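Heads up, the thing below is written out as structure tokens.
2 protein chains.
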Amino acid sequence: MKTLNNFIIFSTLLLLCITIMNGCKNQTEETKEVTPEPTFDLATAKTQIIAANKTFAERFVAKDSAGVANLYTQDAKFMMNGSPSIVGREHIQSVMSGIINSGISSVDLITIDVWGTENLVTEEGEFALYAGENKVDEGKYLILWKKVDGKWHLFRDIFNSNLPPSVQAE
Amino acid sequence: MKTLNNFIIFSTLLLLCITIMNGCKNQTEETKEVTPEPTFDLATAKTQIIAANKTFAERFVAKDSAGVANLYTQDAKFMMNGSPSIVGREHIQSVMSGIINSGISSVDLITIDVWGTENLVTEEGEFALYAGENKVDEGKYLILWKKVDGKWHLFRDIFNSNLPPSVQAE
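Order-wise, the sequence lines are chains A and B. Quick note: the first sequence uses the working numbering, first residue 1, plus one each step. Quick note: the second sequence uses the working numbering, first residue 171, plus one each step.
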């Protein structure tokens, strides 16, 4: 009888040890799981930025200078050749209106590459400007995009022409 | 004697349980510690980029076009007005040599702001070009800097002039 009691106590202690070891293993795995990898996906950001450029081109062709300016952050800089940086959405709208009224009727924007993080992405691209059917300028750009209220906005926008200065549209 | 043996076996099993529980606790703490916070410091990166720009200006004034080109990544793009992007260190050296030989004798580079991460930083800046004592151009730029072998290199470099096209240096 005493031997049976001892056997029961041994078995209980052994089971307790095994249970603790298993619990220990599970706890370690759970601790690893509460540290997730960052979920930012640059390919998704690139798709969103290509879509934002499409919206830019659509608003431009519709002569909607306010709509184009709203794609920039409130404190954005539009860095065009031949002028100091144009700072702020209001001034950018005024310059955009001037460009549209000068006869530039549409713009092509082609994303070459993007680099960055969840809220700031730098885009390299190529552009072309048209007056009706005529291509009047083509060039390259870097845009620093900033996510504001969940949407990508142009924060810094610099570009220049591939054409010799003598034939560039002004 | 048998009672003493049982006592030793009980004690050993209990100690084993306690040891496993403590080991389990320590293991969990260690798992937390192996996930450190990122240590990137943008202020340090800004200081390093300002230093790299100083080196750029020093090599430029020394007419060291190879030295300037070595500050760019092998696959860099130099995106100047009036030409498609100049791609690769070798072509950039050739263009840099041409600029130096055209009479541009020095360049001022002033960092306005930087944004980015450990290996990629976008810089907004202002530049001035001089022929001897005369300022012949001034403008703005965005540079995408890439860390290669622990040092910042120009990876994308786009700039344009603040001056009206009619008076810009070509």
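Each residue gets a CB set at the ideal place from its N, CA and C atoms; glycine is no exception. All values reported here derive from a predicted model rather than from experimental measurement.
Check the Cα spacing between asparagine 271 (chain B) and each of B:Ala232, B:Glu294 and B:Ser331: the tightest is with B:Ala232. Close CB contacts of asparagine 53 (chain A) within its chain, under the 8 Å cut and outside five residues either way in sequence, are with Leu109, Thr111 and Gly125 (chain order). Per DSSP, the unbroken beta strand (DSSP E) holding glutamine 244 (chain B) starts and ends at 242–249. In its chain, beyond the 5 residues on either side, Lys77, Phe78 and Met79 have a beta carbon closer than 8 Å to the beta carbon of serine 85 (chain A). Put simply, the backbone Cα of leucine 71 (chain A) is about 14 Å away from that of serine 97 (chain A). Between alanine 57 (chain A) and valine 107 (chain A) a beta carbon distance of about 5 Å is seen, short of the 8 Å cut, so the two are scored as contacting.
In the DSSP assignment, threonine 55 (chain A) falls outside any beta strand (DSSP E) and within the unbroken alpha helix (DSSP H) covering 42–61.
A straight-line Cα-Cα distance of about 10 Å links phenylalanine 40 (chain A) and glycine 116 (chain A). Rounded to whole angstroms, the gap between the alpha carbons of glutamine 338 (chain B) and serine 331 (chain B) is 7 Å. For secondary structure counted as the beta strand (DSSP E) over 3 or more consecutive residues, the segment 282–309 of chain B holds these complete runs in sequence order: 290–301. CA-CA distance, glycine 252 (chain B) to glutamate 260 (chain B), rounds to 19 Å. Across the structure, valine 306 (chain B) and tyrosine 300 (chain B) are spaced so that their CA atoms are roughly 5 Å apart. Taking 8 Å as the upper bound for CB-CB distance, glutamate 308 (chain B) and phenylalanine 325 (chain B) are not in contact here, some 24 Å apart.
Taking a beta-carbon distance threshold of 9 Å, methionine 79 (chain A) counts as an interface residue toward chain B.
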